[in-house]
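First residue of the sequence shown? That's 4 in our numbering, and the numbers climb one at a time after it. Remarks on the structure that follows.
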Amino acid sequence: VAFDDIDAAEKAITAETAAILIEPVQGEGGIRPVPTQSLKRLRQLCDQHGLLLIFDEVQCGIGRTGKLFAHEWAGVAPDLMAIAKGIGGGFPMVLVDGFLEDVQRKALLLKQGLAAVADEFPEVIEGIRGTGLMLGLKCAMPNTKVNMALRDQHLLAVPAGDNVIRLLPPLTVTDEEIGEALKRIRVGQP
């Protein structure tokens, strides 16, 4: 089923369907948050048809979006959830007061800085997408070219679907590191 095509998802449900599995924020697919209304509609469909709603929060969970789990932004609860990557990566968030609030603050700082870069270089960056510190640069030119330019500036990023560059800084990134990254992104425009 295509991204955010809830009507197609409903039509795909058969007597053999046991669950609906979805990433609340697509990672590899281009850092695309699923709209709140779509997640709510999927919850309704699952309840209506007796299906499990499963969220894949392997990339977007464990604080990556500024909340413990990405689905919290929509207020929709899954029946099951996959979250291994964030836990296995050892993100230091257990028993740290204000940690997620600080992630949200840093995410806003980075997103505003990236928006300024996109405004400055519209021929390179078409837009910014994502939630929290799971952000993507929608590229106006091939994302592989932009990714190589970022690598030349010693910034590690990953091309994703829909001509996007994934930016996944550590949740412990400092304001200074965000500033340095933004400077390198500006300097490294192809």
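All C-beta atoms, glycine included, are put in the ideal place defined by N, C-alpha and C. Since this is a predicted model, take the numbers as computed values, not measurements.
Would you report the Cα separation of residue i and residue j, rounded to the nearest angstrom?
i, j, result
"M96", "R154", "Low per-residue confidence applies at M96: pLDDT is 45, beneath 50, and the placement is therefore not dependable enough to give any value."
"A3", "L48", "The chain is shown from 4 up to 193; residue 3 falls before or after that span and cannot be answered."
"H74", "A85", "12 Å"
"A119", "G53", "46 Å"
"D10", "V167", "26 Å"
"M144", "P125", "10 Å"
"E123", "V28", "27 Å"
"T15", "V61", "With the sequence shown as reference, residue 15 is identified as Ala, and Thr is not the correct amino acid for it. Roughly 25 Å separates the two Cα atoms."
"K114", "A80", "27 Å"
"L185", "I128", "13 Å"
"E183", "Q51", "50 Å"
"A22", "L71", "23 Å"
"L45", "T20", "14 Å"
"T175", "R189", "22 Å"
"L171", "L42", "23 Å"
"D8", "L24", "14 Å"
"K148", "G130", "16 Å"
Let me make sure I understand the geometry here. Which of the options has the alpha-carbon closest to that of residue i?
i, options, result
"L112", "T177, Q62, V4, D82", "T177"
"P162", "L140, V28, L83", "L140"
"R108", "L55, G130, I181", "I181"
"R187", "L117, A110, D59", "L117"
Could you tell me which residues DSSP puts in a beta bridge with residue i?
i, result
"I128", "C142"
"T134", "M137"
"Q29", "R35"
"P162", "I168"
"D59", "A85"
"A22", "L55"
CB-CB under 8 Å to residue i, same chain, minus the five flanking residues each way: which ones, in chain order?
i, result
"G191", "A152, L153, D155, Q156, L158"
"G33", "R132, G139, K141, A163, G164, D165, N166, V167"
"A18", "none"
"A87", "V61"
With a CB to CB cut of under 7 Å and the five nearest residues on each side skipped, what residues in its chain are close to residue i?
i, result
"N150", "A160, P162, I168"
"C63", "E26, P27, V28, G30, A73, M137"
"V106", "G66, G69, G135, L136, L174"
Since residue i contacts residue j with CB under 8 Å, what's their CB separation in whole angstroms?
i, j, result
"D82", "I65", "The Cβ separation is near 19 Å, so there is no contact."
"T39", "A77", "4 Å"
Report all residues from its chain with a CB closer than 6 Å to the CB of residue i; omit the five preceding and five following residues, and keep chain order.
i, result
"P36", "V28, T134"
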